[in-house]
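*Asks:* For the sequence shown, position 22 (counting from the first letter as 1) is numbered 26 according to this note's numbering, and the numbering increases by one without interruption. Idealized CB from N, CA, C, for every residue including glycine. These figures come from a predicted structure and were not determined experimentally. Structure below; questions to follow.
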Amino acid sequence: FFPSLQQLWAPPKLSWLLQGHILSINIIMPLTPYRSKTGSYKPVDQVLLKLWYWLSLYEGDVLVQQVPCKRSGEEAPCTFWYLKPSTQYCIRTAAVGMV
5 FFPSLQQLWA PPKLSWLLQG HILSINIIMP LTPYRSKTGS YKPVDQVLLK
55 LWYWLSLYEG DVLVQQVPCK RSGEEAPCTF WYLKPSTQYC IRTAAVGMV
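Shown next as structure tokens:
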């Protein structure tokens with residue numbers, strides 16, 4: 005049991021790029037109070053090594069797509085395909101693998 009690992013983390017920040025009908029999302033992980041050897045703060049996914057996120061795309065209350073998303077910068081961005089023009093969407097994130 006590690007009390008400091010049981011605390012609530014800030015949600016990740018999302019950066020996005022829309023190209024035509026394709027939306028690419030990068031996850032920017034929140035920082036923890038833990039420091040690396042260089043003295044910089046470690047992102048949460050470097051402390052909780054099994055952490056990843058489900059990104060869910062909603063049109064109103066209807067789930068349209070879900071994609072798994074790992075750490076940004078080291079992998080391709082998470083991508084939603086076949087978006088409809090002139091449509092409002094909502095993206096929700098859910099942390100997975102916290103244990």
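Starting from residue 50, trace the alpha helix (DSSP H) both ways and give me its first and last residue.
*Replies:* Residue numbering aside, residue 50 sits at position 46 when the sequence shown is read from its first letter. Taken as a continuous stretch (DSSP letters only), the alpha helix (DSSP H) holding residue 50 covers 48 to 51.
*Asks:* With residue 28 as the anchor, note down where its beta strand (DSSP E) starts and where it stops.
*Replies:* Locating residue 28 in the sequence shown gives position 24, counting from the first residue. From DSSP, the beta strand (DSSP E) with residue 28 extends over 26 to 32.
*Asks:* Skipping 5 residues on each side, what residues in its chain have a beta carbon closer than 7 Å to that of residue 55?
*Replies:* Looking up residue 55 in the sequence shown gives position 51. Counting only Cβ-Cβ distances below 7 Å, and skipping sequence neighbours, we find 48, 49, 99, 101, 102.
*Asks:* Using the C-alpha atoms, what's the distance from residue 92 back to residue 76?
*Replies:* Counting from 1 along the sequence shown, the entry for residue 76 is found at position 72. Counting from 1 along the sequence shown, the entry for residue 92 is found at position 88. Legend: pLDDT at residue 76 = 48, less than 50; position of this residue unreliable, value from coordinates given subsequently. Approximately 25 Å, taken between the alpha carbons.
*Asks:* Looking at the structure shown, is residue 17 part of a helix, part of a strand, or coil, going by DSSP?
*Replies:* Translated into the one-based positions of the sequence shown, residue 17 becomes position 13. If DSSP states are grouped into helix, strand and coil, residue 17 belongs with the strands.
*Asks:* State the Cα-Cα distance for the pair residue 61 and residue 34, rounded to the nearest angstrom.
*Replies:* Mapped onto the sequence shown, residue 61 falls at position 57. Mapped onto the sequence shown, residue 34 falls at position 30. Using only the alpha carbons, I get a separation of about 21 Å.
*Asks:* Please list, in chain order, all residues of the same chain as residue 39 whose beta carbon is under 7 Å from its beta carbon, the five residues on each side excluded.
*Replies:* Counting from 1 along the sequence shown, the entry for residue 39 is found at position 35. 45, 46, listed in sequence order.
*Asks:* When you compare each of 31, 25, 23, 27 to residue 16 by their alpha carbons, which one comes out closest?
*Replies:* Taking the sequence shown and counting its residues from 1, the one referred to as residue 16 is at position 12. If we check each option's Cα against that of residue 16, 31 comes out closest.
*Asks:* Assign residue 26 to buried or exposed, taking buried as 16 or more other Cβ atoms, counted over all protein chains shown, within 10 Å of its Cβ.
*Replies:* Counting from one through the sequence shown, the residue named residue 26 turns up at place 22. Exposed, since its Cβ has fewer than 16 Cβ neighbours within 10 Å.
*Asks:* Have a look at residue 70 and residue 88 and give me their C-alpha separation to the nearest angstrom.
*Replies:* The count along the sequence shown starts at 1 and reaches residue 70 at position 66. The count along the sequence shown starts at 1 and reaches residue 88 at position 84. Going from the Cα of residue 70 to the Cα of residue 88 covers about 16 Å.
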